[in-house]
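Peer 1: Residue numbers (my numbering): 115 to 429. All C-beta atoms in this analysis are idealised placements derived from N, C-alpha and C, irrespective of residue type, glycine included. Fair warning: this is a prediction, and the values are worked out from it, not measured in the lab.
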Amino acid sequence: MTARTLPRALTAAATALLVLAGGTACSTSQAGADPDRVDVVAAFYPLQYVAERVGGGAVTVTNLAKPGAEPHDLELNPRQVGQVSDAELVFYLKGFQPAVDEAVAQNAADRALDVTTVVPLRDAAAGGHDHEGEDGHAEEEDGGKDPHLWLDPTRLATVADKLAERLGAVDPDRAADYTTRARTLRGELDKLDAEYTAGLATCQRREIVVSHAAFGYLAERYRLEQIGLTGLTPDTEPAPQRLAEVAREAREHKATTIFFETLVSPKVAETIAAEVGAKTAVLDPIEGLSTDGGGDYLSVMRANLTTLRTALGCS
């Protein structure tokens, strides 16, 4: 094997101890446990999915965000900091999870792939629906950039290609295998993109009222208009003025469905739905999988397409 398998346990333990200010940070990750596999740490589910598809049996993938947990505000425990320290490649999206950003900066800056360096993030309001807050300014959170790029399958395919390149640099003996698997995944994502394009081509409505403005990339790709109850952070409570504005727009666009998601409370969506006489349905931003298991990125995206077609009256 290449020099990638040289042990770095002492360095990892020391840096993790510094980050946690004396906390118990000895790594319990599997890094180095199997010298024939590349140890990859993925920051949240869509990146785990891509890493497993591109890496295949040549990688061991650890997801820092557990099923059923909302990943935006992930806090890392000492064991997870150790996993970041020991990883041969950390696959993350800078700006999405501050705790992961910090751990990478202090422990794995030379062994990380930041998705934002592969696919530039779109502005939060671009290609969607600009809404004004109480102060009259458009609501843009998290620096005004939307991290949810995986909801555009074509962008995710580009990320997969880059991951294959990085894995090939870490593990040159299997570089061709990573490229082949990325090409296979791109074919599946292109097929999904074609299904969305055809499925949403002719619809009675093109506006989607969502509890969390995570669908900007999907809306931009497939010519939809996103109306979000809250901005990019899903647990933000919308102001009463915002609720009234969304209710007005829902009536104006004759929305039959108010969408909520799996990892966040549906209460706000249910409130709006009751006020405008609409029903609610799940539209999953796929930030993480639910704890009931079943499904993967492709199957959840196809379930989302079916939900959208029903709600928008597509033919």
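What span of residues does the alpha helix (DSSP H) with threonine 230 cover, start to end?
Peer 2: For the purposes of this step, residue 230 is identified with residue 116 of the sequence shown, where counting begins at 1. It is not in any alpha helix (DSSP H) - threonine 230 carries neither H nor E in the DSSP assignment.
Peer 1: Rounded to the nearest angstrom, what separates glycine 182 and valine 396 at their Cα positions?
Peer 2: In the sequence shown, the residue the question calls residue 182 occupies position 68. In the sequence shown, the residue the question calls residue 396 occupies position 282. Their backbone Cα atoms lie some 15 Å apart in a straight line.
Peer 1: Under the rule that 16 or more other beta-carbon atoms within 10 Å means buried, what is threonine 371, buried or exposed?
Peer 2: As a first step, residue 371 is located in the sequence shown; it is residue number 257 there, counting from the start. With 16 or more Cβ atoms within 10 Å of its Cβ, threonine 371 is classed as buried.
Peer 1: Please report the straight-line C-alpha distance between glutamate 279 and threonine 174, rounded to a whole angstrom.
Peer 2: Numbered from its first residue, the sequence shown carries residue 279 at position 165. Numbered from its first residue, the sequence shown carries residue 174 at position 60. Going from the Cα of glutamate 279 to the Cα of threonine 174 covers about 17 Å.
Peer 1: Residues in the same chain with beta-carbon distance under 8 Å from glycine 427, minus the five sequence neighbours each way, listed in chain order, please.
Peer 2: By one-based count along the sequence shown, residue 427 stands at place 313. So the qualifying residues of the chain are Cys317, Gln318, Arg319, Thr370.
Peer 1: My output table needs one value for lysine 305: the three-state DSSP class, helix, strand or coil.
Peer 2: Residue 305 sits at position 191 when you count from the first residue of the sequence shown. Note: lysine 305 maps to helix in three-state DSSP.
Peer 1: Just to confirm, is the Cβ distance from proline 160 to tyrosine 411 under 8 Å?
Peer 2: Position 46 of the sequence shown, counted from the first residue, corresponds to residue 160. Position 297 of the sequence shown, counted from the first residue, corresponds to residue 411. In this structure, tyrosine 411 lies closer than 8 Å to proline 160 by Cβ.
Peer 1: Is there a Cβ of chain C sitting closer than 8 Å to that of alanine 296, yes or no?
Peer 2: Included in the structure is just one protein chain, with no chain C present.
Peer 1: According to the neighbour-count rule (16 or more other Cβ atoms, all chains shown, within 10 Å of its Cβ), is aspartate 266 buried or exposed?
Peer 2: In the sequence shown, counting from the first residue as 1, residue 266 sits at position 152. Its Cβ being crowded by 16 or more others within 10 Å, aspartate 266 is buried.
Peer 1: Check whether the Cβ atoms of aspartate 304 and glycine 170 lie closer than 8 Å to each other.
Peer 2: Along the sequence shown, one-based indexing puts residue 304 at 190. Along the sequence shown, one-based indexing puts residue 170 at 56. It is not a contact, given that the beta carbons lie outside the stated cut-off.
Peer 1: With which residues is glutamine 340 paired in a DSSP beta bridge?
Peer 2: Locating residue 340 in the sequence shown gives position 226, where the first residue counts as 1. The partner list for glutamine 340 (beta bridge, DSSP) reads Ile322.
Peer 1: Can you tell me where the alpha helix (DSSP H) holding alanine 219 begins and where it ends?
Peer 2: As a first step, residue 219 is located in the sequence shown; it is residue number 105 there, counting from the start. Per DSSP, alanine 219 belongs to the alpha helix (DSSP H) from 212-221.
Peer 1: Using DSSP with H/G/I as helix, E/B as strand and the rest coil, what is lysine 381?
Peer 2: Translated into the one-based positions of the sequence shown, residue 381 becomes position 267. Lysine 381: helix per DSSP, three-state reduction.
Peer 1: For alanine 312, does the three-state DSSP call read helix, strand or coil?
Peer 2: Stepping through the sequence shown from its first residue, residue 312 is reached at position 198. Here alanine 312 sits in helix by DSSP.
Peer 1: Which residue's Cα is closest to the Cα of valine 232: Gln220, Thr298, Ala274?
Peer 2: The residue given as residue 232 occupies position 118 in the sequence shown. Nearest C-alpha to valine 232: Ala274.
Peer 1: Is isoleucine 322 closer than 8 Å to phenylalanine 373 when the C-beta atoms are compared?
Peer 2: Numbered from its first residue, the sequence shown carries residue 373 at position 259. Numbered from its first residue, the sequence shown carries residue 322 at position 208. Cβ distance < 8 Å, so phenylalanine 373 and isoleucine 322 count as in contact.
Peer 1: Tell me, please, whether the region 353-360 touches the region 287-302 by the rule of three or more beta-carbon pairs shorter than 8 Å.
Peer 2: Taking 8 Å as the limit for Cβ pairs, the verdict is that the region 287-302 does not touch the region 353-360.
Peer 1: Does aspartate 287 come out as helix, strand or coil in the three-state DSSP assignment?
Peer 2: Position 173 of the sequence shown, counted from the first residue, corresponds to residue 287. Note: aspartate 287 maps to helix in three-state DSSP.
Peer 1: Would you grab the beta carbon distance between alanine 165 and valine 214 for me? Rounded to a whole angstrom, and I think it's under 8 Å.
Peer 2: Along the sequence shown, one-based indexing puts residue 165 at 51. Along the sequence shown, one-based indexing puts residue 214 at 100. At roughly 15 Å, the Cβ-Cβ gap does not stay under 8 Å, so alanine 165 and valine 214 are not in contact.
Peer 1: Got a sec? Which residues, its chain only, sit under 8 Å from arginine 337 by beta carbon, not counting five neighbours each side?
Peer 2: The sequence position of residue 337 within the sequence shown is 223, counting from 1. Same-chain partners within the cutoff: Leu314, Arg320.
Peer 1: With DSSP as the reference, identify every bridge partner of valine 173, one or two as the case may be.
Peer 2: The count along the sequence shown starts at 1 and reaches residue 173 at position 59. Answer is Val152, bridged to valine 173.
Peer 1: Helix, strand or coil, according to DSSP, for threonine 394 in the structure here?
Peer 2: Locating residue 394 in the sequence shown gives position 280, counting from the first residue. Residue state, collapsed to three classes: strand.
Peer 1: Following the continuous alpha helix (DSSP H) through leucine 426, name the residue where it begins and the one where it ends.
Peer 2: Looking up residue 426 in the sequence shown gives position 312. Unbroken alpha helix (DSSP H) run through leucine 426: 411-426.
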